[in-house]
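Participant:
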Amino acid sequence: VQHFVFSFSRLSYSLVSRLRFSCTSLSLIGFGLWRPSVESGRLLLREDRDGVRIFFSLSSLRLRSMVYITSWDEFVERSVQLFRADPDSTRYAMKYRHSEGKLVLKVTDNIQCLKFKTDQAQDAKKMEKLNNIFFTLMARGPDADISDVTGKEQMETQATKRGRGRKQ
Amino acid sequence: MVLLQPDPFLNELTSMFEHSTEKGSVWVTLKRSSLKSKVQRNKMKTAGEPLDYRCLIRATNGKKTISTSVGAKDHQKFQASYATILKAHMTALKKRERKDKKKAADATTNKKDGESSKKRPKKV
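Chains as they are written, first to last, in the working numbering: chain A, 1 to 168; chain B, 1 to 124.
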């Protein structure tokens, strides 16, 4: 179950309030994705220089992930997706506490937030690869090719190889 | 907020890690930025000039903040040094239990080993 964020760009301000419920509710019901309920979701209006973007966040469908993601690969994939969707406002933060031996990673675009926390040394190694991915994406641009960062692709093949070894 | 060149930034980051071992945290944030104000960006957009984006890196220990920016050309070198610093300082994290490498027969013995190795003081 995913967190759905719909965005409609460049609507004039006067249209916005009128369209608020009709547009989003109808389209969502039409897709069969949403059965309206009072606490279904919230409408966020976010302005950027091209106009107003409406984000309809279906918080009811988001109940599964309370921000912290348990799977590393899912965290990586969703963060990269989040960055590519909005490279100018997405940031990647890391907090390390030596006294507690804890590491927390956060990727957010100020609308959605993905976090990953750990106390394992092996995750620090995985984080290094994610750092490389983000350095490349941020310095070169969201369309940069990151498969040669020895990050994502090689990590995936290594993980499967390890799995096979274990079973043998 | 102190803006530094990449190398002094890395030195300061190292000292931040060293000073926050007993208590305190170190935050490092990465963000893409063109380092220009919105007005300047709009002007450049209308003039047709391509915007030059850089990767902004900020670090803080709660009290002091330092920052630096790397571009597309020097980010490889920076990320290598950055990775070295992190590897050297993030030593408080737990090591992985070696249970997946032993046979199933030794599983119980392994679990006991794993638990006791956590209680043992970590080797530097």
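Using N, Cα and C, we set each Cβ at its ideal position, and we do this for glycine too.
Could you name the residues of the stretch 100-111 of chain A whose beta carbon sits closer than 7 Å to any beta carbon of chain B, in the order they occur along the chain?
Facilitator: Gly-101 and Leu-103
Participant: With a 10 Å radius around its C-beta and 16 neighbouring C-beta atoms as the bar for buried, classify B/Cys-55 as buried or exposed.
Facilitator: Answer is buried; the Cβ neighbour count reaches 16.
Participant: In angstroms, rounded to a whole number, what distance separates the CA positions of A/Gly-30 and B/Lys-31?
Facilitator: Bear in mind that a pLDDT of 49 at A/Gly-30, under 50, signals an unreliable position, so the number given afterwards is only what the model happens to contain. C-alpha separation (whole angstroms): 37 Å.
Participant: Our contact map puts B/Phe-17 next to B/His-89 with C-beta atoms below 8 Å; I'd like the distance itself, whole angstroms only.
Facilitator: 4 Å
Participant: Taking B/Ser-20 as the query, report the chain A residues whose CB atoms sit under 7 Å from its CB, ordered along the chain.
Facilitator: His-98
Participant: Interface residues of chain A around B/Val-2 at Cβ under 7 Å?
Facilitator: From the beta-carbon of B/Val-2, no residue of chain A is found nearer than 7 Å; the closest lies around 18 Å away.
Participant: Within a Cβ cutoff of 7 Å, which residues of the same chain sit near A/Arg-84, ignoring the five residues on either side of it in sequence?
Facilitator: Pro-142
Participant: If we define contact as Cβ-Cβ less than 8 Å, is A/Arg-140 a contact residue for chain B?
Facilitator: yes
Participant: Closest by CA to A/Ile-111, which one among A/Thr-136, A/Asp-88, A/Arg-140 and A/Glu-77?
Facilitator: A/Asp-88
Participant: Can you pull out the residues from the stretch 62-77 of chain B whose beta carbon lies closer than 7 Å to at least one beta carbon of chain C?
Facilitator: Judged by its chain identifiers, the structure shown contains no chain C, and its protein chains are A and B.
Participant: In this structure, how does DSSP classify B/Leu-13 when only helix, strand and coil are distinguished?
Facilitator: helix
Participant: Buried or exposed, going by whether 16 or more other CB atoms sit within 10 Å of the CB of A/Gly-41?
Facilitator: Any reading at A/Gly-41 must be qualified, since the residue scores a pLDDT of 49, below 50, and its modelled position is unreliable; the value itself is stated next. It is buried - the Cβ of A/Gly-41 has at least 16 other Cβ atoms within 10 Å.
Participant: Sort A/Glu-128, A/Gly-101 and A/Thr-90 by Cα distance to A/Trp-72 and report the nearest one.
Facilitator: A/Glu-128
Participant: Roughly how many angstroms lie between the CA atoms of A/Leu-103 and B/Met-44, to the nearest whole one?
Facilitator: 40 Å
Participant: Assuming B/Thr-60 and B/Val-2 are in contact, meaning their beta carbons sit under 8 Å apart, how far apart are those beta carbons, in whole angstroms?
Facilitator: Contact between B/Thr-60 and B/Val-2 is ruled out by a C-beta separation of about 10 Å, above the 8 Å threshold.
Participant: Could you tell me the alpha carbon to alpha carbon distance between A/Thr-118 and A/Ser-79, rounded to whole angstroms?
Facilitator: When the Cα atoms are used, A/Thr-118 and A/Ser-79 turn out to be separated by approximately 17 Å.
Participant: Would you please state the rounded distance, in angstroms, between the beta carbons of B/Tyr-53 and B/Ser-34? I believe it to be under 8 Å.
Facilitator: 5 Å
Participant: Anyone know if the C-beta pair for B/Ser-25 and A/Tyr-96 falls short of 8 Å?
Facilitator: yes
Participant: Are the C-beta of A/Arg-91 and some C-beta of chain B separated by less than 8 Å?
Facilitator: True, the Cβ-Cβ gap to chain B drops below 8 Å.
Participant: Nearest to A/Val-76 by CA position, among A/His-98, A/Lys-115, A/Gly-101 and A/Ser-99, is which residue?
Facilitator: A/Lys-115
Participant: Could you check where the beta strand (DSSP E) with B/Ile-57 kicks off and where it finishes?
Facilitator: 54-60
Participant: Closer than 8 Å by C-beta to A/Val-67: which residues in its own chain qualify, once you throw out the five before and the five after it? Chain order, please.
Facilitator: Cys-113, Leu-114 and Lys-115
Participant: Of all the CB atoms in chain B, is at least one closer than 8 Å to the CB of A/Phe-116?
Facilitator: no
Participant: CA-CA distance, B/Val-28 and A/Glu-74?
Facilitator: About 22 Å.
Participant: List the whole-angstrom C-beta distance separating A/Thr-90 from A/Thr-108, where the pair is believed to meet the contact cut-off of C-beta under 8 Å.
Facilitator: Sure, about 7 Å apart at Cβ, within 8 Å.
Participant: How would you call B/Gln-79, buried or exposed, if buried means at least 16 neighbouring beta carbons within 10 angstroms?
Facilitator: Buried: at least 16 other Cβ atoms inside 10 Å.
Participant: Beta-carbon of A/Asp-73 versus every beta-carbon of chain B: anything under 8 Å?
Facilitator: No, because no Cβ of chain B sits closer than 8 Å to the Cβ of A/Asp-73.
Participant: So, A/Arg-140 versus B/Ala-72, is the Cβ gap smaller than 8 Å?
Facilitator: yes
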